[in-house]
Each structure stands twice: as C-alpha cells, then as structure tokens.
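Trainee: The sequence shown begins at 2 in this note's numbering and counts up one residue at a time. Each residue gets a CB set at the ideal place from its N, CA and C atoms; glycine is no exception. These numbers were taken from a predicted model, which means no experiment stands behind them.
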Amino acid sequence: MKLLACRRGWSPTGGAERFLQRFAKGLMEEGVETTLIADGRWPENEWAAGEIERVSCTDPQEFAREVMGIKARHPGTCLFSMERLPGADVFRAGDGLHSAWLDRLAAEDGGLGNWFRRRRKMHRQLLALEDRLFAEPKLRVVANSRMVARELMERHGFPESRITVIPNGYDPLDISAQEALEKRNALRSSLGIPENAVLFLFVGSGWKRKGAQVLVDAFRRMDHPQAWLALVGKGRAKRDGH
Numbered sequence: 002m003k004l005l006a007c008r009r010g011w012s013p014t015g016g017a018e019r020f021l022q023r024f025a026k027g028l029m030e031e032g033v034e035t036t037l038i039a040d041g042r043w044p045e046n047e048w049a050a051g052e053i054e055r056v057s058c059t060d061p062q063e064f065a066r067e068v069m070g071i072k073a074r075h076p077g078t079c080l081f082s083m084e085r086l087p088g089a090d091v092f093r094a095g096d097g098l099h100s101a102w103l104d105r106l107a108a109e110d111g112g113l114g115n116w117f118r119r120r121r122k123m124h125r126q127l128l129a130l131e132d133r134l135f136a137e138p139k140l141r142v143v144a145n146s147r148m149v150a151r152e153l154m155e156r157h158g159f160p161e162s163r164i165t166v167i168p169n170g171y172d173p174l175d176i177s178a179q180e181a182l183e184k185r186n187a188l189r190s191s192l193g194i195p196e197n198a199v200l201f202l203f204v205g206s207g208w209k210r211k212g213a214q215v216l217v218d219a220f221r222r223m224d225h226p227q228a229w230l231a232l233v234g235k236g237r238a239k240r241d242g243h
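#1: If we count Cβ pairs, one from each stretch, closer than 8 Å, do we get three or more for the stretch 189-209 versus the stretch 161-169?
#2: Pick out whichever of Arg-74, Ala-65, Gly-95 has its Cα sitting closest to the Cα of Met-83.
#3: Measuring only the C-alpha atoms, how far is Lys-211 from Leu-37?
#4: Taking CB distances under 8 Å as the criterion, tell me whether Ala-107 reaches chain D.
#5: Find the nearest neighbour of Ala-108 within the set Lys-209, Thr-35, Asn-197, judged by alpha-carbon distance.
#6: Which of helix, strand or coil does DSSP assign to Gly-242?
#7: Please state if the CB of Arg-133 and the CB of His-124 are separated by a distance shorter than 8 Å.
#8: Comparing C-alpha positions only, which one of Val-149, Ala-178, Leu-174, Arg-237 sits nearest to Gly-205?
#9: So, helix, strand or coil for Glu-5, using DSSP?
#10: Under 6 Å Cβ to Cβ from Cys-7, same chain only, skipping five residues before and after it: list those, please.
#11: Give me the Cβ distance between Val-91 and Val-143, rounded to the nearest whole Å; I'm assuming they're in contact under 8 Å.
#12: Leaving out five residues on either side along the sequence, give the residues of the same chain with a beta carbon under 7 Å from the beta carbon of Ala-65.
#13: When you compare only the Cα positions, how much space is there between Lys-26 and His-225?
#14: Can you tell which of Pro-61, Gln-22, Glu-34, Leu-80 has the C-alpha that lies nearest to the C-alpha of Glu-45?
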C-alpha cells in the first residue's frame with residue numbers, strides 16, 4: 002500500500018509537521034510507503050519515511066492543481082492532505098475551518114478591518130477551496146476536536162458518518178513520579194512561580210488564530226491572586242502592563 006501525504010510550508014516548531022512525521026513513521030513500521038508532497042520549504046533531512054515530491058508554487062489554488070497532477074501519476078494511492086485540496090481522499094482539519102476562524106476574528110475586531118480582510122485574495126482562495134473540498138462525495142475528515150466536527154456539519158452539511166475525531170496527542174516523558182515532581186518544582190522555581198500556585202499553560206504558535214489574546218483577557222479578569230498564566234510558543238498578546 003502507498004500513501005501520498007501533503008503539507009504546504011514548513012515550520013520547525015509546527016505541530017502539523019510533527020504530527021505528519023509521527024504519522025508517517027507509524028505507517029512505515031506497518032509497511033506502508035509514504036511519499037510527501039510539499040513545496041521547497043520542507044527540509045530533506047526532516048522526512049525519513051519515503052520520497053518527497055516538490056511543488057513549485059505556494060499560491061493555494063495553484064498548489065492544489067499541481068498536487069492533483071501528482072496524484073494522477075500515482076493511480077490507486079490514497080491522498081492524505083493537511084491542506085484544503087479538492088480531490089483529496091482524507092483531510093485532517095488540524096487548523097479548523099477557515100470560515101469559522103474569519104467569523105471569530107470578525108467578532109473580536111469587527112468594523113473596517115474585517116471588511117478588508119475578507120476581500121484579500123488569500124482568504125477568498127481558501128474559502129473557495131474549503132467549499133469545493135467539503136462538497137466531495139467520498140471525502141473522509143479527521144478533526145482534532147468535537148468543535149471542528151460540529152462546525153463542519155453545521156456550515157457545510159457534512160455527514161457525521163464521514164468524520165472521525167482524533168484529539169491531538171503527545172508523548173509523555175518516561176520518568177518516575179518523583180523525578181517528574183522534581184522537574185516541575187525546579188522549572189517553577191526558575192520562572193518564579195510558587196510551588197502551590199494554580200498555573201494555566203498555553204502552548205502553541207500563531208497566537209491570534211489559537212485565541213491566546215482571549216485567554217489573556219479572560220485571565221486578567223479572574224479574581225484569583227495565586228493564579229499564573231504561561232504562554233509558550235510564538236505570537237503576540239497584549240498584557241497592558243500586567
């Protein structure tokens with residue numbers, strides 16, 4: 002069995018990239034050959050599960066057309082896509098729905114900024130690709146939350162029977178409870194966080210899309226003097242001096 006896996010772009014801290022690498026490694030251990038379809042940004046040394054077929058463009062619509070041309074050269078293979086590609090066999094909605102994200106931004110920003118945003122070429126392209134993708138009669142979707150699955154059904158009438166919810170996983174450290182406690186206390190001490198304080202942890206990059214500002218605003222309204230909030234990743238959040 003062969004699988005085509007598609008991802009546009011590359012980030013050394015990207016969760017989607019880590020997921021795809023672990024997924025392909027697991028498939029390789031099961032004897033499934035996986036070819037990655039990517040643009041020039043994915044490093045050769047970051048893919049050990051098979052070949053890489055390069056796509057020359059990064060424009061979303063041109064990228065989709067070029068990928069489908071590659072798929073046509075591999076008859077009988079399954080196309081597992083992490084991009085909005087009409088014609089994919091399986092789509093992992095790790096970034097959620099672009100239409101839902103734009104609506105959430107509009108609720109936060111409103112006004113003229115939202116008007117200009119929706120007229121940008123990139124957003125119009127992604128919305129059009131989403132509409133075409135979810136109209137595919139045989140598409141299967143892997144959602145990483147029940148929220149994304151619900152939005153997909155509500156916005157596109159997508160059948161629940163073709164959605165599988167698989168939450169994001171992680172690899173826990175294989176250490177004893179005592180060692181874990183020691184590491185926890187040492188890290189808190191290095192950050193000046195009291196040992197018994199309530200700590201809220203946000204991990205991720207692209208804070209605006211993932212709601213970091215909403216979390217910061219909600220945290221600042223909490224009446225809990227012993228609560229701390231830690232943001233880990235890349236992004237911007239307004240703290241207003243607190």
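Mentor: Straight from the coordinates:
#1: no
#2: Gly-95
#3: Approximately 26 Å between the Cα atoms of the pair.
#4: The chain labelled as chain D is not found in the depicted structure, where only one protein chain is given.
#5: For the residues Lys-209, Thr-35, Asn-197, the minimum Cα distance to Ala-108 belongs to Lys-209.
#6: Its pLDDT being 42, under 50, Gly-242 is placed unreliably by the model, and the measurement read from it follows with that caveat. Secondary structure of Gly-242 (DSSP, three-state): coil.
#7: no
#8: Arg-237
#9: A small fix is needed here, since residue 5 is Leu in this sequence, not Glu. DSSP places Leu-5 in strand when its eight states are reduced to three.
#10: Ile-38, Val-68, Ser-82, Glu-84
#11: 7 Å
#12: Correct list, in chain order: Leu-86, Pro-87, Leu-130.
#13: 44 Å
#14: Closest option to Glu-45, Cα to Cα, is Gln-22.
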